[in-house]
Amino acid sequence: MNKPYSPGEAAEDQTGRFVVQPNGRVRPLSPHLQVWRWHVTMLASILNRMTGGALYAGALVVAAWLLALAFGPEAYAGFVAVAASPFGLLVWIGLSFSLFYHLAGGVRHLIWDAGAGLTPPAANLLSWLSIGGSVAATVLFWAALFLTGRVAL
């Protein structure tokens, strides 16, 4: 890790990358992950972006399923064999979490767009609810599938 700059060194910095705050602390000019303390709304934002990307991959999986269905019984049997394998189930569980979380994140943003829940405690609560709610929805969804016998290992 780089040694921190002292206020004198930051004042002499010709790159313009550092600034001395009124309290005398030296900080980078632009925010960086090393500067910010992690909080739940950061995690919620990152998860929303990641699950959005995962849903794109999920659309490709669904397209592969439709193609296998169109190409006949052998192709469909091959797809089902992969999709029903432990790795395939892990992919489906991940995709269902992505769907539930992205939906919850969209509802959270809809609430924020309405002007509600913008204080830090409310934003943190909404973020925790979207994370916890999507985990709970995923667990309940897959528990129902396993308990009704629609999915088996």
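Each residue of the sequence shown is one higher than the last, beginning at -4 in this note's numbering. In this text, a Cβ means the ideal position worked out from N, Cα and C, and glycines have one as well.
Quiz item: Taking the Cβ atom as the reference point for each residue, do Ser91 and Ala49 lie within a distance shorter than 8 Å?
Solution: no
Quiz item: Which residue spans inside the region 29 to 107 form an unbroken alpha helix (DSSP H) run of at least 4?
Solution: 35 to 65 and 68 to 78
Quiz item: Is the region 96 to 110 touching the region 125 to 132 in the sense that three or more CB pairs, one from each, lie closer than 8 Å?
Solution: yes
Quiz item: If we ignore side chains and look at the alpha-carbon of each, how far apart do Ala138 and Pro17 end up?
Solution: 55 Å
Quiz prompt | Residues bridged to Phe141 [DSSP beta-bridge criterion] | solution = In the DSSP output, where bridge partners are listed per residue, Phe141 has none listed.
Quiz item: Who are the Cβ neighbours of Glu69 in its own chain at under 6 Å, not counting the five residues just before and after it?
Solution: none
Practice problem: Could you tell me which residues DSSP pairs with Pro23 in its beta bridges? | Solution: Phe13
Quiz prompt | Beta-carbon proximity check, Trp123 vs Val35, cutoff 8 Å | solution = yes
Quiz item: Around the Cβ of Thr133, are there at least 16 other Cβ atoms within 10 angstroms (buried) or fewer (exposed)?
Solution: buried
Practice problem: Please decide whether Val77 counts as near chain B, where near means a Cβ-Cβ distance under 8 Å. | Solution: Judged by its chain identifiers, the structure shown contains no chain B, having just a single protein chain.
Self-check item: Contact under 8 Å by Cβ, Ala63 with Tyr71
Solution: yes
Quiz prompt | Leu61 burial status per 10 Å Cβ neighbour count (16 or more: buried) | solution = exposed
Practice problem: Look at the alpha carbon of Val21 and the alpha carbon of Arg12, and state the distance between them as a whole number of angstroms. | Solution: 10 Å
Quiz prompt | 6 Å CB neighbourhood of Gly100 in its chain, flanking five on each side removed | solution = Asn43 and Ser125
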